[in-house]
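Position one of the sequence shown corresponds to residue 1 (UniProt numbering), numbered consecutively onward.
Read the structure below first, then the notes.
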Amino acid sequence: MPEDHSAAAAARVSGVPQTDIRGGYPLSRLPRHVAVIMDGNGRWASRRGLPRAEGHRQGVEAVRRCVRAATQAGIGYLTLYAFSAENWRRPPTEISILMSLLKRYIRSDLDTLHEAGVRIRIIGEREGLSRDILALLEEVEARTRDNTGLNLVVAFNYGGRQEILRAARRLASEVAAGRLDPAAIDETRFADALDTAGMPDPDLVIRTSGEQRVSNFLPWQSAYAEYVFLPDLWPDFDEAVLARALAEYARRERRFGGLGHVAEGSATDDGARYREASR
Numbered sequence: 001m002p003e004d005h006s007a008a009a010a011a012r013v014s015g016v017p018q019t020d021i022r023g024g025y026p027l028s029r030l031p032r033h034v035a036v037i038m039d040g041n042g043r044w045a046s047r048r049g050l051p052r053a054e055g056h057r058q059g060v061e062a063v064r065r066c067v068r069a070a071t072q073a074g075i076g077y078l079t080l081y082a083f084s085a086e087n088w089r090r091p092p093t094e095i096s097i098l099m100s101l102l103k104r105y106i107r108s109d110l111d112t113l114h115e116a117g118v119r120i121r122i123i124g125e126r127e128g129l130s131r132d133i134l135a136l137l138e139e140v141e142a143r144t145r146d147n148t149g150l151n152l153v154v155a156f157n158y159g160g161r162q163e164i165l166r167a168a169r170r171l172a173s174e175v176a177a178g179r180l181d182p183a184a185i186d187e188t189r190f191a192d193a194l195d196t197a198g199m200p201d202p203d204l205v206i207r208t209s210g211e212q213r214v215s216n217f218l219p220w221q222s223a224y225a226e227y228v229f230l231p232d233l234w235p236d237f238d239e240a241v242l243a244r245a246l247a248e249y250a251r252r253e254r255r256f257g258g259l260g261h262v263a264e265g266s267a268t269d270d271g272a273r274y275r276e277a278s279r
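Written as structure tokens, this is what we have:
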């Protein structure tokens, strides 16, 4: 994304002047797709003697800052782990608060995001969701479908293993119906059956709160991603935190299972097809 376009879009998203957070690195050294495991709302609230609900409310503010910063940095895809398939095990009162915050955020920010050219896409299991939530998710996707700015991917009721199972069942149905030869199922065909079909794989996965685990988040897609685990709790996430993660990513050498310092496109460049697929 050209720098002037990203800066203008960031200004529309935030309504305030922006500063560069790329740390002097060119776009070619920065990730095209950043995925974030947003963790630490409850601990943030607990450390301040506040109810967990306040941590979640401040987490929404962090989402706004993250979207603004990603737009400013020229990131093409931002995937946020908003609600996992396992989160339904939480107390009903907390789930109710989370659903309420989701609806409030979408209704209050959709116009601004749309005007900034943000395209919103939802991944995760939709079967079983309440009608009002499902209708809202479908509305935001339909309204922003033709936008060409930041691709904001919201992982809602999402689990990586469940996604892989859904993809396997889709392909099995195609085979059973005689529309697909099992021998034709390769990595590309399987990826096309995932919720993330058509998206580049994440280059960088960030997890906040200091925890170092992936929590069933994009296991197929993140096979060659760089991981950055940050000590910051999610409600404290801002442009400076993202800048630190981007700088850490830019300093790393991505090998994609191959050798270091191998010329791109050479016979030993194992990562060539992964880079090509994400362009």
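For every residue, glycine included, the Cβ atom is placed at its ideal position computed from N, Cα and C.
- For Glu-138 and Thr-79, the gap between their C-alpha atoms comes out near 17 angstroms.
- Sequence-distant Cβ neighbours of Val-205 in its own chain, meaning closer than 6 angstroms and more than five residues away, are Ala-35, Ser-222, Ala-225, Tyr-227.
- Unbroken beta strand (DSSP E) runs of no fewer than 3 residues, entirely contained in the segment 146–185, are found at 151–158, following chain order.
- Nearest in C-alpha terms to Arg-89, of all of Asn-157, Thr-208, Asp-181, is Asn-157.
- Boundaries of the alpha helix (DSSP H) harbouring Arg-251: 239–251, taken from the DSSP string.
- Residue environment for Pro-182: exposed (fewer than 16 other C-beta atoms within 10 angstroms of its C-beta).
- By the neighbour-count definition (other C-beta atoms within 10 Å, threshold 16), Glu-187 is an exposed residue.
- Here DSSP, grouped into helix, strand and coil, assigns Leu-233 to coil.
- Boundaries of the alpha helix (DSSP H) around Phe-190: 187–191.
- In the three-state scheme derived from DSSP, where H, G and I count as helix and E and B as strand, Ser-222 is classed as coil.
- In the three-state scheme derived from DSSP, where H, G and I count as helix and E and B as strand, Thr-208 is classed as coil.
- According to the DSSP assignment, Ser-84 belongs to the beta strand (DSSP E) that extends over 77–84.
- Residue pairing for Tyr-227: DSSP places it in a beta bridge opposite Val-205.
- Val-118 sits in coil when the DSSP states are folded into three classes, being neither helix nor strand.
- Per DSSP, Ala-53 is one residue of the alpha helix (DSSP H) stretching across 52–73.
- For Ala-197, the three-state secondary structure derived from DSSP is coil.
- The segment 233–246 and the segment 23–40 touch, with no fewer than 3 CB-CB distances between them shorter than 8 angstroms.
- Contact between the segment 97–105 and the segment 57–73 is present: three or more C-beta pairs spanning the two stretches fall below 8 angstroms.
- In the three-state reduction of the DSSP assignment, Ile-21 falls in the coil class.
- In this structure, the straight-line span from the alpha carbon of Ile-75 to that of Pro-31 is close to 7 angstroms.
- Per DSSP, the beta-bridge partners of Ala-35 are Thr-79, Val-205.
- Here Leu-110 is near Val-140, since their CB atoms are less than 8 angstroms apart.
- Counted as a single uninterrupted DSSP element, the stretch harbouring Trp-88 is not any alpha helix (DSSP H), since DSSP gives it neither H nor E.
- Take the alpha-carbon of Arg-145 and the one of Arg-161: they are about 27 angstroms apart.
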